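Quick notes on the structure that follows.
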Amino acid sequence: MSDIKRCTRCILPESLSNITFDEEGICNHCRKYEADFKNWDSIKERKFKEFEEILEKAKKLKRPYDVLVPLSGGKDSTYALYLCTKIYGLKTLAVTLDNGFLTRPAKDNIRNALASCNADHIFYSINSKNSSELFKIFTEKTGDFCNACMRGINYSIEFAAKSFNIPLVIKGSGRRVQSVSQIKEVSSLNTASYFANVIRGTDAGNKFRYLSADKNKLEFQKIAGGGSVIFLA
Ligand SMILES: [Zn+2]
Numbered sequence: 512m513s514d515i516k517r518c519t520r521c522i523l524p525e526s527l528s529n530i531t532f533d534e535e536g537i538c539n540h541c542r543k544y545e546a547d548f549k550n551w552d553s554i555k556e557r558k559f560k561e562f563e564e565i566l567e568k569a570k571k572l573k574r575p576y577d578v579l580v581p582l583s584g585g586k587d588s589t590y591a592l593y594l595c596t597k598i599y600g601l602k603t604l605a606v607t608l609d610n611g612f613l614t615r616p617a618k619d620n621i622r623n624a625l626a627s628c629n630a631d632h633i634f635y636s637i638n639s640k641n642s643s644e645l646f647k648i649f650t651e652k653t654g655d656f657c658n659a660c661m662r663g664i665n666y667s668i669e670f671a672a673k674s675f676n677i678p679l680v681i682k683g684s685g686r687r688v689q690s691v692s693q694i695k696e697v698s699s700l701n702t703a704s705y706f707a708n709v710i711r712g713t714d715a716g717n718k719f720r721y722l723s724a725d726k727n728k729l730e731f732q733k734i735a736g737g738g739s740v741i742f743l744a
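Yeah, the sequence shown ends on 744 if you go by the working numbering, and it's all consecutive.
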């Protein structure tokens, strides 16, 4: 392990495809992050103000919930829940997809976080026999099953937001913390249309077609831009 060359900043290894290192041993992904966010300090106050204005708009709609928080039990989504409930006092619904393999520590974290705030919560559990079937097909056909799971997570978000007419979704992820997962070899095909294409004609096709039922509308929203999704929901 120790003789693998790695980025001196983020420890990504040289075995990752399309990685390059500069003379300081820093990788192209770290340098891209630096370039993308070099103005961050000068715009962060404005971004913060815009964020709080969005929260105010959501509150004024007086819907059953102001915000939906997708909750995985990890630190980022738990922080999003904390921010919404404790800092901003938003009426919050959290939603968790259990793909059949959610770990005990994650479930404990979710239970503890919910006990510490006043958010309501939906658990959407896919039976592990069914999800295994789906992951098998994705692995056989594409070599990856992350996108199958992501479709399930996004479906649970779409379902909860629609069911309760929730105007805003706050996730524990964002452009500033996702640079690694945006490497296209690791993840990029996370769309409902892609999901529909992979399962078409397979045994899991009938069982999981509902997860991409709204694919045309979802593609439109994606093209129209993430910002507009906020108040289209
Ligand atoms: Zn790096």
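Just so it is clear, CB atoms sit at the ideal spot from N, CA and C, and this is done for glycine as well.
Quantities reported herein were computed from a predicted structural model and do not represent experimental measurements.
| Item | Value |
| --- | --- |
| For S636, which beta-bridge partners are listed by DSSP? | D609 |
| Round the Cβ separation of C660 and N610 to the nearest angstrom and send it over; I've been treating them as touching at under 8 angstroms. | 5 angstroms |
| Mind checking whether the beta-carbon of L523 lies closer than 7 angstroms to any heavy atom of ligand 1? | yes |
| Straight-line CA distance for S583 to E534? | 39 angstroms |
| Could you please give the first and the last residue of the uninterrupted alpha helix (DSSP H) stretch that includes V709? | 703-710 |
| CB-CB under 7 angstroms to K652, same chain, minus the five flanking residues each way: which ones, in chain order? | V709 |
| Can you tell me the Cα-Cα spacing of N727 and Y705, whole angstroms? | 11 angstroms |
| Do you know offhand how far K618's Cα is from F646's? | 21 angstroms |
| Drop a sphere of 10 angstroms on the beta-carbon of C521, count the other beta-carbons inside from all chains shown, and report buried for 16 or more, exposed for fewer. | exposed |
| Check whether the Cβ of I771 sits closer than 7 angstroms to any heavy atom of ligand 1, and report yes or no. | Past the edges of the chain, shown from 512 to 744, lies residue 771, and the structure says nothing about it. |
| Between I648 and T603, how many whole angstroms is the CB-CB distance? I'm expecting something under 8 angstroms. | With a Cβ gap of about 35 angstroms, I648 and T603 do not count as contacting. |
| With D587 and E669 assumed to form a contact (beta carbons below 8 angstroms), what rounded beta-carbon distance in angstroms separates them? | The pair is not a contact, with the Cβ atoms about 20 angstroms apart (cut-off 8 angstroms). |
| Tell me, please, which residues DSSP counts as bridged to L604. | L579, D631 |
| Which whole-angstrom value describes the C-beta separation of A624 and T589, a residue pair presumed to lie in contact below a C-beta threshold of 8 angstroms? | 5 angstroms |
| Since L608 and I664 are thought to touch, with beta carbons under 8 angstroms apart, how far apart are those beta carbons, to the nearest angstrom? | 5 angstroms |
| Under 7 angstroms Cβ to Cβ from S639, same chain only, skipping five residues before and after it: list those, please. | G611, F612 |
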